[in-house]
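Peer 1: Chains as they are written, first to last, in the working numbering: chain A, 818 to 1096; chain B, 323 to 774.
Ideal Cβ positions, reconstructed from N, Cα and C, are used throughout, including at glycine.
Take this structure first; my questions come after.
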Amino acid sequence: MNKYKFYKLIRVSLIYVILTLLTFAFIIPSIWVISSSFNEGTNIFSTTLFPEHPTLAHYVTILTQTKYPIWFFNTFKIAVMNTLLSLFLTVSTAMAFSRFKFKGKEISMMTILVLQMFPSMLAMVAIYVILYNIGLLNTHIGLVIVYSTGQIPFNTWLVKGYLDGIPKSLDEAARIDGASNLTIVTKVILPLAQPILVFVALQNFIAPWFDFVFPQLILRNEDKWTLAMGLYQWIQARAQTNFTMFSAGAVLVTIPIVILWAVFQKYIVEGLAAGANKG
Amino acid sequence: MFPFFHQLFFLKMADEKNKGEFMKKENTAGLLSFLFMGLGQFYNHDWVSGIVLMLLEFMFIFAAVSGVIYNAFWGVITLGQTPGIQGDHSIFLLINGLVVIILFFLFFIIYYLNIKSAIASRKKIEELRLHTGTNFSAESILSHNYNKYFPHILMSPSFFLILFFTFLPILFTLLIAFTNFSAPYHLPPGNLVDWTGFDNFKKLFTLDGWKETFWGVLAWTLVWTITTTVLNYFGGLGLAVLINAKDIKFKKFWRTLLIVPYAIPAFISLLTFRLLLSGPGPLNSFLVNTGLTAEKIPFLSDHTLAKITVIVVYLWAGAPYWMALMSGVLTNISDSYYEAARIDGASNWQQLINITVPMVLFQTAPLLIMTFAHNFNNFTMIYLLADGNPQNPTYKQAGSTDILISWIYKMTLEKQWYGMAACVAIIIFICIAVIAIFSFKRTKSFKDEDMI
């Protein structure tokens, strides 16, 4: 028995050591960036892990000199619009695929899934011209349309997989009670699909905070930029020469996202697992 | 018994007699809708559908008479004939032409459905009248159609968005691959673009420089895709197994810390790594100052080392995603498997190899294949971390760490060789599409009984 306990102690402590080392490797770059954002000066070499004279000067500079508050508000607005539109599109499409029979169901599902695999780099020329034609260039709505269209195929596939797990007998029972298609969809199935809907909503809320590619294509005015794009431009220009300022900008753009993550971590992990299981 | 039979017999007679009548009315409805969209619907007293369809046909006639349709075809076929700044803009002509042509085909599909649904509705009406004796109302026909086409109505917003923001751009790129759309001589406005057939493809596969670049970049893209997918997958699995191991406390704490890289926007963490690993960067000065290495290590400037660096950094950024996912999957594996294995005397390692890995692989296979496709096109990683550098002088506009997608980016944004870039994009698309079809076909989402 003593021998067993000894092995167990070795095993557990070994895992703790490995975990500590790995965790250190995974978070050290973040710690380095955070601490250098409080350092004085601009130099990448003079930054120390524990600044001698911690300062908030870089944060003050960014918040006052860039349009951070405007960009923040823009991104928030885009995130909310994107969440609503994406949810509407995804849910209605997934509902049709999961709950109804119609001709060409499998082929149309496959087609949209394959189409979204196309490298979007070149699609940009065409998207630009189309948005220009319908007057949505340099508008947030244009950006939201592009985002929410892009997410349809994958999320439809994900939500459909989840909806398939909800027994069809529920629909039939409701139909016998005289419920219309719309009532069945909104009152019977949607409440049961809540976990996957939260996941899709979160994903779409977070996406605009990360993306700096499409805003560069669509948004021309500095006043319309998103946070990721604005700060990307700002820190890219300063990355080599003003490292401390870069760090402060990096922290500022990351904070809202990390807060979202912390709050919704449970749903994200659940949703990821749902995608894996139901797929 | 007898009277019942008797009744049935007469009903059947009536049916036969009415059938001719039926067909006549059905055909009339179909013919009317064939002559002008919506007329058959009017005949069926379905006023709402009738008016909508009629308006559609009027719009089509207007488009045809005003020359919109002719101009669209002319634009796509010729790509413009007047050069100069004030002249034709080939790209606008092509895209706008495609929009009109797509709508044109859509109109004919609706036209066909309009005839079909006029006949089907009429049939329903006559059946109702015959069997129940009641007459139809305009509302009941409308609501019948509404229920019948409910899934189509649900999908239509997504359908139109995908048609114009996903399908059209792909069609455009496909066509661009067969043109000479490129800087400096074929770049609108000012210059015209022409159809050149398979010239771009021939150039890519036969011309020196192009040939080497394509095969070289493709080989590295495959190496990159396979190694990163496998490493990240098993790296994430390893992390999840460690956290979920028995007797380990504070599981949530470890998980939250390890998930950090996944929560940070890639453009932040990758730019940070780029600085951290640069020639005169802090990591190198640390290594040299402490005497660990004699010279600075060219993490991102040596041809081979740069490739290893991007793979390792991606492990840092990508493993946490799998860790988060696997944590969920691992808790779903029933404990009874492990208990049975323990009773049989299996070691921890044997349990991991024979129970955990196969179970996880089985559950995550579709996502794994999709990640494979994603990594094939993982532009952000390559572009933000290494920019495809170091430059490779034997390549055309590509560096040693460039994968196909970042090569395309350089061709379009730096050189504006759109034709060649489109050509490579199509080849990528075909590869990815094959993988995608193969993988999605095998997922549960496709396997439910309704799909057959």
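What is the C-beta distance between Ile373 of chain B and Gly360 of chain B, in whole angstroms, given that I count them as a contact (C-beta under 8 Å)?
Peer 2: Yes, they are in contact, since the Cβ atoms of Ile373 of chain B and Gly360 of chain B sit about 7 Å apart, within 8 Å.
Peer 1: Count the C-beta pairs between the region 1009-1024 of chain A and the region 841-859 of chain A that are closer than 8 Å, then say yes if the count reaches three, no if not.
Peer 2: no
Peer 1: Provide the residue span of the alpha helix (DSSP H) that contains His411 of chain B, from first to last.
Peer 2: It is not in any alpha helix (DSSP H) - His411 of chain B carries neither H nor E in the DSSP assignment.
Peer 1: Can you check whether the CB of Thr678 of chain B is closer than 8 Å to the CB of Val552 of chain B?
Peer 2: no
Peer 1: Near Ser591 of chain B, what residues of its chain come up, given a Cβ to Cβ distance below 7 Å and the 5 sequence neighbours on each side ignored?
Peer 2: Around Ser591 of chain B, the same chain offers Pro583 and Ala639 as residues with beta carbons nearer than 7 Å, after the five sequence neighbours per side are excluded.
Peer 1: Return helix, strand or coil for Thr456 of chain B, following the three-state DSSP convention.
Peer 2: Of the three classes helix, strand and coil, the one that applies to Thr456 of chain B here is coil, per DSSP.
Peer 1: Would a check of beta-carbon distances place Met742 of chain B closer than 8 Å to chain A?
Peer 2: So, not an interface residue.
Peer 1: I want to see whether chain B comes within less than 8 Å of Val1005 of chain A, judged by CB atoms only; does it?
Peer 2: no
Peer 1: For a quick check, are the C-beta atoms of Ala744 of chain B and Ile498 of chain B less than 8 Å apart?
Peer 2: yes
Peer 1: Which residues in the same chain have their Cβ closer than 6 Å to the Cβ of Met1119 of chain A, if we skip the five residues on either side of it in sequence?
Peer 2: Absent from the structure is residue 1119 of chain A, since the part of chain A shown begins at 818 and ends at 1096.
Peer 1: Assign Gly1096 of chain A to one of three DSSP states: helix, strand, or coil.
Peer 2: Residue confidence for Gly1096 of chain A is low, a pLDDT of 42 falling below 50, so the modelled location carries little weight and cannot support an answer.
Peer 1: Can you pull out the residues from the region 1039-1061 of chain A whose beta carbon lies closer than 9 Å to at least one beta carbon of chain B?
Peer 2: The region 1039-1061 of chain A vs chain B, Cβ under 9 Å: Ala1045, Leu1048, Tyr1049, Ile1052, Gln1053, Ala1056, Gln1057 and Phe1060.
Peer 1: How would you call Ile431 of chain B, buried or exposed, if buried means at least 16 neighbouring beta carbons within 10 angstroms?
Peer 2: By the neighbour-count rule (16 or more Cβ atoms within 10 Å), Ile431 of chain B is not buried but exposed.
Peer 1: When the cut-off is 8 Å and only beta carbons count, does Ile1074 of chain A lie next to chain B?
Peer 2: Interface residue, yes.
Peer 1: Taking buried to mean at least 16 other C-beta atoms within 10 Å of its own C-beta, is Gly959 of chain A buried or exposed?
Peer 2: buried
Peer 1: Suppose the cutoff is 6 Å on Cβ atoms and the five residues either side in sequence are ignored; what does the same chain contact list for Ser795 of chain B look like?
Peer 2: A query on residue 795 of chain B cannot be resolved here, the shown segment of chain B reaching from 323 to 774 and no further.
Peer 1: Using only the alpha-carbon positions, how far apart do Ala440 of chain B and Ser459 of chain B sit?
Peer 2: 15 Å
Peer 1: Under 7 Å Cβ-Cβ, which residues of chain B neighbour Pro1032 of chain A?
Peer 2: What Pro1032 of chain A touches in chain B: nothing, since even the nearest Cβ is about 12 Å away.
Peer 1: Give a yes or no on whether 8 Å exceeds the smallest Cβ distance from Trp576 of chain B to chain A.
Peer 2: Interface residue, yes.
Peer 1: By Cβ distance below 7 Å, which residues in the same chain neighbour Ile424 of chain B in space, the five residues on each side in sequence not counted?
Peer 2: For Ile424 of chain B, the CB contacts under 7 Å within the same chain, skipping 5 residues up- and downstream, are Leu485 and Leu490 in chain order.
Peer 1: Would you check if the distance between the CB atom of Ile391 of chain B and the CB atom of Val421 of chain B is smaller than 8 Å?
Peer 2: Inclusion of Ile391 of chain B and Val421 of chain B in the CB contact set at 8 Å is not warranted, their separation being larger than that value.
Peer 1: I want to verify the contact list: residues of chain B whose CB lies under 8 Å from the CB of Ala991 of chain A, in sequence order.
Peer 2: Within chain B, no residue comes near Ala991 of chain A; the closest Cβ sits about 14 Å away, beyond 8 Å.
Peer 1: Could you give the residue range of the alpha helix (DSSP H) that holds Pro479 of chain B?
Peer 2: Phe472 to Ile484
Peer 1: Is the CB of Asn998 of chain A under 8 Å away from at least one CB in chain B?
Peer 2: yes
Peer 1: Can you pull the chain B neighbours of Pro871 of chain A, defined as C-beta to C-beta under 8 Å?
Peer 2: Within chain B, no residue comes near Pro871 of chain A; the closest Cβ sits about 19 Å away, beyond 8 Å.
Peer 1: Would you mind telling me which residues of chain A sit closer than 9 Å to Ile677 of chain B, beta carbon to beta carbon, in chain order?
Peer 2: Chain A residues near Ile677 of chain B: none, gap ~17 Å exceeds 9 Å.
Peer 1: Of the residues that make up the region 898-915 of chain A, which ones have a beta carbon closer than 7 Å to any beta carbon in chain B?
Peer 2: Leu906, Ser909, Thr910, Met912 and Ala913
Peer 1: Measuring only the C-alpha atoms, how far is Lys470 of chain B from Val651 of chain B?
Peer 2: 40 Å
Peer 1: Hey, which unbroken runs of the beta strand (DSSP E) at 3 residues or more fall wholly within the region 673-750 of chain B?
Peer 2: None, since the region 673-750 of chain B contains no complete beta strand (DSSP E) of that length.
Peer 1: Under 7 Å Cβ-Cβ, which residues of chain B neighbour Leu960 of chain A?
Peer 2: Within chain B, no residue comes near Leu960 of chain A; the closest Cβ sits about 12 Å away, beyond 7 Å.
Peer 1: Is there a C-beta anywhere in chain B that falls below 8 Å from the one on Pro936 of chain A?
Peer 2: So yes, Pro936 of chain A belongs to the interface.
Peer 1: Would you mind working out which of A:Ile1072, A:Leu1007 and A:Met934 sits nearest Ile1023 of chain A, comparing C-alpha positions?
Peer 2: A:Ile1072
Peer 1: Quick one: give me the first and last residue of the alpha helix (DSSP H) that Lys822 of chain A is part of.
Peer 2: Asn819 to Ser854
Peer 1: Hey, would you say Asp724 of chain B sits closer than 8 Å to Val539 of chain B, going by beta carbons?
Peer 2: yes
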